[in-house]
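Counting from 38, one number per residue, gives the positions in the sequence shown under the working numbering. Using N, Cα and C, we set each Cβ at its ideal position, and we do this for glycine too. Since the structure comes first, as structure tokens, the remarks are kept for the end.
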Amino acid sequence: MSTSNTATDTRPAVAGKVVVVTGASSGLGLETARQLATQGAEVVMIVRNRSRGEQARTQVTRVATGKAPVLILADLSIQAEVRRAAREVRDRYHVVDILINNAGSAFNQRELSADGLELTWATNHLAPFLLTDLLLPALIGAPAGRVVNVTSEVYSRKLDLENLQGERKYSYFGAYRTSKLGNVLFTSELARRVEGTGVTAVSVSPGPARTNFGGGGPSGLMGALTAVLKRTPVFKSARQAATGIVWAATTPEDEISPGGLYMRRRQLKLKGAATDPAGAAKVWSISEQQTGIDPVRSAAAAVSTTSRAA
């Protein structure tokens, strides 16, 4: 799946590689899939809605310069569907070059997933955590595997382990920011665990973007303010914002820092709870419990043990 290494080969580095993109039916996920397909990647689009997914696949197919995109249906807030989607990917491909965990949402009212978990946390954090563990062997099998976790620069600076699921206090932005902190901490700990395997894990914030994320945004005064801001240059188009995600997925591994957070091709300094390795390890342990991953037999545990032995 790697490209030719001849001096005359000017194809993009992603040409011929298998790239899994979640939340690829609209917004940043769709635009990310489009941009990668134009560079020759074989894009696997994981989407929740069949109709929107088929429309998105048609758009990506039109611009693809490599193999046609593949569509996989899954509601990633449901862990059984995350596992099924991972099986479909593994059944089709022995190697996955890049995994882009983009799917996410936010909700004005506290809701529970089919697994009884707060829906924002389940969708934005636990789904990519579980999917990554299930696909990790395929990523390690690639010449230079890459995990890109799409987060936000507004992640929470405080880690409240007693309120990860909004048990004591819930708000649209509070739940969203907590889930994005989860992404950053997960990325940091994943990078530590896969060191020496050839897999690079980074998180990326696309920055404010004009999409229909979270059903259009918060309600009330904050919703009105967000609607106004979306008409300003602060908010980028989906195409512009997705370029940062594509960059994080395709830039050479020697040009990025494992576990780092990037926004518009620039590394951001981690702040607050995001700098705490102990907090990252704790969130990892909690996430294993909430997803039913055996901490001894998980792919990440096996990799970490092997790396230490080496």
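For residue i, the nearest candidate out of the options (CA to CA)
{"i": "Leu136", "options": "Ser150, Thr160, Ala151 and Pro165", "result": "Pro165"}
{"i": "Arg124", "options": "Asp170, Ala101, Val100 and His162", "result": "Asp170"}
{"i": "Asp197", "options": "Val132, Gly211 and Ala117", "result": "Gly211"}
{"i": "Glu325", "options": "Glu226, Leu298 and Asn138", "result": "Glu226"}
{"i": "Leu168", "options": "Arg205, Tyr213, Gly60 and Gln304", "result": "Gly60"}
{"i": "Leu154", "options": "Ala105, Gln116 and Thr188", "result": "Gln116"}
{"i": "Tyr209", "options": "Asn145, Ser242 and Val283", "result": "Asn145"}
{"i": "Arg334", "options": "Tyr213, Ile109, Ser216 and Leu173", "result": "Leu173"}
{"i": "Val56", "options": "Ala101, Ser88 and Thr95", "result": "Ala101"}
{"i": "Leu113", "options": "Asp134, Asn161, Ala143 and Gln92", "result": "Asn161"}
{"i": "Val33", "options": "Val81, Glu148 and Val283", "result": "One cannot answer for residue 33 here, as it falls past the ends of the chain, which runs 38 to 347."}
{"i": "Gly244", "options": "Asp134, Val119 and Arg302", "result": "Arg302"}
Under 8 Å between C-beta atoms of residue i and residue j
{"i": "Ile293", "j": "Gly235", "result": "no"}
{"i": "Gly90", "j": "Val97", "result": "no"}
{"i": "Ser150", "j": "Ala159", "result": "yes"}
{"i": "Ala111", "j": "Ala122", "result": "yes"}
{"i": "Pro295", "j": "Ala228", "result": "yes"}
{"i": "Ala78", "j": "Gly103", "result": "yes"}
{"i": "Ala311", "j": "Val191", "result": "no"}
{"i": "Arg147", "j": "Gly203", "result": "yes"}
{"i": "Ile323", "j": "Leu201", "result": "yes"}
{"i": "Val340", "j": "Arg205", "result": "no"}
Neighbour-count burial assignment, residue i, 16 or more Cβ in a 10 Å radius
{"i": "Asn186", "result": "buried"}
{"i": "Lys54", "result": "buried"}
{"i": "Val58", "result": "buried"}
{"i": "Ala315", "result": "exposed"}
{"i": "Thr287", "result": "buried"}
{"i": "Gly281", "result": "buried"}
{"i": "Gln138", "result": "The sequence given here has Asn at residue 138, not Gln. With 16 or more other Cβ atoms within 10 Å, it is buried."}
Opposing strand residues paired with residue i [DSSP bridges]
{"i": "Asn145", "result": "Paired residues: none, contrary to the question."}
{"i": "Leu136", "result": "Val57 and Val184"}
{"i": "Val241", "result": "Val187 and Tyr299"}
{"i": "Glu155", "result": "Leu149"}
Cβ-heavy atom distance, residue i to the ligand FAD, below 7 Å
{"i": "Ser294", "result": "The ligand FAD is not part of the structure shown, which contains no ligands of any sort."}
I'd like the ranges of any beta strand (DSSP E) spanning at least 3 consecutive residues and lying wholly in the segment 273-327.
298-300 and 303-305
Length at least 3, wholly inside the segment 63-124: the beta strand (DSSP E) runs in chain order:
79-84 and 107-110
I'd like the ranges of any alpha helix (DSSP H) spanning at least 4 consecutive residues and lying wholly in the segment 167-226.
none
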